[in-house]
Amino acid sequence: LEPDVETRDLYDRRLAYVVHDGRRFNDELLRRGYAKLLVLAPNRAHAHDLLAAELDARAAGRGLWGRCDAG
8 LEPDVETRDL YDRRLAYVVH DGRRFNDELL RRGYAKLLVL APNRAHAHDL
58 LAAELDARAA GRGLWGRCDA G
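Under the numbering used here, think of the first position of the sequence shown as 8, with each following residue one higher.
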């Protein structure tokens, strides 16, 4: 786990980036469209990269950004 400025939120939840083999899992979730970005100051260490990952998913229509064919 890679912490940012704050390590806990108001509800005592741990705030961190998940890193494995040099890759941030947070980015992967966003890139696949499995998550929506929420940046809360002062925790902005990777905000630019995370936003780029989400915008990539949106542009490609991946995950939650894809079409929903209601029956």
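A virtual CB, placed ideally from N, CA and C, is assigned to each residue, including glycine.
**OP:** With a cut-off of 8 Å on the beta carbons, I'd call valine 12 and proline 49 a contact; round off their distance for me.
**Re:** In the sequence shown, counting from the first residue as 1, residue 12 sits at position 5. In the sequence shown, counting from the first residue as 1, residue 49 sits at position 42. About 4 Å separates the two Cβ atoms, so the contact holds.
Original post:
Just checking my contact of arginine 39 with alanine 64 at CB under 8 Å: how many whole Å lie between their CB atoms?
Top reply: Reading the sequence shown from its first residue, position 32 is the one you call residue 39. Reading the sequence shown from its first residue, position 57 is the one you call residue 64. That belief holds up - the Cβ atoms of arginine 39 and alanine 64 are roughly 6 Å apart, short of 8 Å.
Original post:
Should leucine 17 go down as buried or exposed, given a rule of 16 or more other Cβ atoms within 10 Å for buried?
Top reply: The sequence position of residue 17 within the sequence shown is 10, counting from 1. Leucine 17 is classed as exposed because its beta carbon has fewer than 16 other beta carbons within 10 Å across all chains shown.
Subject >> Contacts around threonine 14, its chain only, beta-carbon distance under 8 Å, and the 5 residues preceding and following it disregarded >> reply: Here residue 14 corresponds to residue number 7 of the sequence shown, with the count starting at 1. Result list for threonine 14: Arg21, Leu22 and Ala23, in chain order.
Subject >> Start-to-end residues for the alpha helix (DSSP H) that takes in alanine 59 >> reply: Against the sequence shown, residue 59 aligns to sequence position 52. 54 to 67 is the span of the alpha helix (DSSP H), which, as asked, contains alanine 59.
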